[in-house]
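Asks: Pasting in a structure now, in structure tokens, and then I'll have a few things to ask.
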Amino acid sequence: PASRWLITPADPSVARDPTAAQAAILGGRGGGRESGGAPGPRGPQSAPDGRGAHIPHTPGGAQSSSGSVPVQPGPESVADASPLRVGHSDVMKLREAAQDARRWDSKYGGGDWRSSMVPECLRVDAAPLLLGSYTDEVGRALFGAAAELTRLAGWMAFDTGQQEAAQRYYIQALRLARAAADVPLGGYVLASMSLQATYRGFADEGVDLAQAAVERNRGLATARTMSFFRLVEARAHAKAGDAPAAGAALKGAESWLERSRAGDADPPWLGFYSYDRFAADAAECYRDLKAPRQVRRFTEQALSRPTEEFVRSHGLRLVVSAVAELESGNLDAACAAGTRAVEVAGRISSARTTEYVRDLLHRLEPYGDEPRVAELRERARPLLVTQV
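Here the sequence shown is numbered in the UniProt record's numbering, starting from 1 and rising by one per residue.
Below you can see the structure in the form of structure tokens.
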């Protein structure tokens, strides 16, 4: 399983061996295991100068179909050139890029042009640094920053419906997190993989991935981080229809969240997670468990503070609210929430949000003769046509 990348200790040679660094960042087609037993794509051969691989440039900075992190080839005539010296300032630039990308993704969706710059950042900025020269301390920080960006590339691919590319990015992010000796970050990648598996209907796999993140991070991650991992586990249990397990995981997530404090050393990539997010995911759990009263309770909390910062999340919550209202027999309220969700979805580029809207419209089909339902379908038509 992919989780074993978090169980074995990080390889201390990665920060000093250019070929090891190259193996950690280069990906090929497919997701087979390498001879060493580690999961992940197989990398191409190195360039003659040993600093990169001969991978053609992708026009416009778009990600390649393989979901790999290509490296700019170095000049072949300077095989004996000194490697690039990397410092903390270089790492900080990558972390700032990751922070910007997280904000763009939440506000504009994974398909927005701003978000699509992440693979280009990996190719142009991160890859040459990883093949440079650095101390162990800088190397761990550098691989961690690259892992954050690679996970983001996977998340954005997931949000735009590119599921296979997302999986390849996630596997590469796991490898980078391992090289960084960052177990919580590796757990975050596993949690992202769990959410993707759950969304696609592979609930058992989602449970396994989330539980791997939880178990390996006991005693290592902050309370807020552990809360998120348990919440992701709850989502998978709920999708599988296991109400007792989902309830236990939700209770655990809430307990961990209550134990968190403002001064905790939470990682920057967890900045999105608050009680609002907990309530939103709890609502989705109860939606899958067909408990509309609980869905309405948690959705009201999740929507209590709408924000322009997390636009996509707000749209998803509106759809969940509409479904709960529909299942409670409140057609007017369902259409009202659905109309607001369509308006939000039209402002972002997110295939996942569009699929939520499509699911709502499918649930409304028995009421197709109702004028308010027909009006909602008409409002949603441009959105659905655009995403085809």
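Ideal placement from N, C-alpha and C gives every residue a C-beta, glycine not left out. Keep in mind the model is a prediction, meaning the values are calculated, not measured.
Can you tell me which of the three DSSP states residue 85 falls into?
Replies: Strand at residue 85.
Asks: Please give the ranges of any alpha helix (DSSP H) in the region 157-223, keeping only runs that are unbroken, at least 4 residues long and fully inside the region.
Replies: Entirely contained in the region 157-223, the alpha helix (DSSP H) runs reaching 4 residues are, in chain order, 163-179, 183-199, 203-217.
Asks: Could you tell me if residue 375 is buried or exposed, where buried requires 16 or more neighbouring beta carbons within 10 angstroms of its beta carbon?
Replies: Exposed.
Asks: Using DSSP bridges, identify the partner residues of residue 390.
Replies: It is not possible to answer for residue 390, since the shown part of the chain is limited to 1 through 388.
Asks: From 118, 160, 157, pick the residue whose C-alpha is nearest to that of residue 149; which is it?
Replies: When only C-alpha atoms are compared, the closest one is 118.
Asks: Hey, residue 217 and residue 263 are a contact pair by Cβ (cut 8 Å); roughly how many whole angstroms apart?
Replies: 20 Å between Cβ atoms; not a contact.
Asks: Using the Cβ count rule (16 or more neighbours within 10 Å means buried), how would you classify residue 265?
Replies: By the 10 Å Cβ count, residue 265 comes out exposed.
Asks: According to the Cβ coordinates, are residue 224 and residue 273 closer than 8 Å?
Replies: A contact, by the Cβ cut-off of 8 Å.
Asks: Assuming contact is defined by CB atoms lying nearer than 8 Å, are residue 134 and residue 86 in contact in what I supplied?
Replies: Yes, the Cβ-Cβ distance between residue 134 and residue 86 is below 8 Å.
Asks: Closer than 6 Å by C-beta to residue 95: which residues in its own chain qualify, once you throw out the five before and the five after it? Chain order, please.
Replies: Here the set comprises 145.
Asks: For residue 368, tell me which candidate among 137, 345, 335, 344 has the shortest Cα-Cα distance.
Replies: Measuring from the Cα of residue 368, the nearest candidate turns out to be 335.
Asks: Can you give me the Cβ contacts of residue 197 inside the same chain, cut-off strictly under 8 Å, excluding the 5 residues immediately before and after it?
Replies: Around residue 197: 203, 205, 206, 209, 236.
Asks: Flag this pair as yes or no: are the beta carbons of residue 390 and residue 360 separated by less than 8 Å?
Replies: Look at the range of the chain in this structure, 1 to 388, and you will see that residue 390 is not part of it.
Asks: Would you mind reading off the limits of the alpha helix (DSSP H) that contains residue 339?
Replies: Element bounds for residue 339: 331-345.
Asks: Residues in its own chain within less than 7 Å of residue 385 by CB, not counting five upstream and five downstream?
Replies: Excluding residues within five positions, none has a Cβ falling inside 7 Å.
Asks: Residue 196 CB to nearest chain C CB: under 8 Å?
Replies: Given the protein chain composition of this structure (a single chain), no chain C is represented.
Asks: Helix or strand or just coil, what does DSSP make of residue 273?
Replies: DSSP places residue 273 in coil when its eight states are reduced to three.
Asks: I need the straight-line Cα distance from residue 241 to residue 313, nearest angstrom please.
Replies: Answer to the nearest angstrom: the Cα atoms are 23 Å apart.
Asks: Applying the 10 Å Cβ sphere with the 16-neighbour rule, what's the burial state of residue 307?
Replies: By the 10 Å Cβ count, residue 307 comes out exposed.
Asks: Alpha carbon to alpha carbon, how far is residue 161 from residue 195? Give it in angstroms, no decimals.
Replies: If you take the alpha carbons of residue 195 and residue 161, they lie about 13 Å apart.
Asks: For a test of the three-state rule: what should DSSP assign to residue 353, helix, strand or coil?
Replies: In this structure, residue 353 counts as helix in the three-state DSSP scheme.
Asks: Is residue 220 buried or exposed, if buried means 16 or more other CB atoms sit within 10 Å of its CB?
Replies: That one is exposed.
Asks: For the alpha helix (DSSP H) containing residue 290, list its first residue and its last residue.
Replies: From DSSP, residue 290 is part of no alpha helix (DSSP H); its letter is neither H nor E.
Asks: Tell me the rounded alpha-carbon separation between residue 349 and residue 111.
Replies: Straight-line Cα distance between these residues: approximately 5 Å.
Asks: With a threshold of 16 other CB atoms inside 10 Å of the CB of residue 163, please say whether the residue is buried or exposed.
Replies: Answer is exposed; the Cβ neighbour count stays below 16.
Asks: By how many angstroms is the C-alpha of residue 234 removed from the C-alpha of residue 371?
Replies: Rounded to whole angstroms, residue 371 to residue 234 spans 37 Å at the Cα level.
Asks: So, with DSSP's three-state summary, where would you put residue 261?
Replies: Residue 261: coil per DSSP, three-state reduction.
Asks: Can you tell me whether DSSP reads residue 120 as helix, strand or coil?
Replies: Here residue 120 sits in helix by DSSP.
Asks: By how many angstroms is the C-alpha of residue 302 removed from the C-alpha of residue 222?
Replies: Taking the straight line joining both Cα atoms gives about 23 Å.
Asks: Please state whether DSSP places residue 144 in a helix, a strand or coil.
Replies: Helix, per DSSP.
Asks: Using a Cβ-Cβ cut-off of 7 Å (strictly less than) and excluding sequence neighbours within five positions of residue 380, which residues of its own chain qualify?
Replies: Closer than 7 Å at Cβ, skipping near neighbours: 342, 357, 361.
Asks: According to the neighbour-count rule (16 or more other Cβ atoms, all chains shown, within 10 Å of its Cβ), is residue 116 buried or exposed?
Replies: Buried: at least 16 other Cβ atoms inside 10 Å.
Asks: Quick one, which of 107, 125, 103, 92 has its alpha-carbon nearest residue 84's?
Replies: Checked all of 107, 125, 103, 92; the closest Cα to residue 84 is 125.
Asks: Mapping the DSSP letters down to three states, classify residue 366 as helix, strand or coil.
Replies: In the structure shown, residue 366 sits in a helix (DSSP, three-state: H, G or I).
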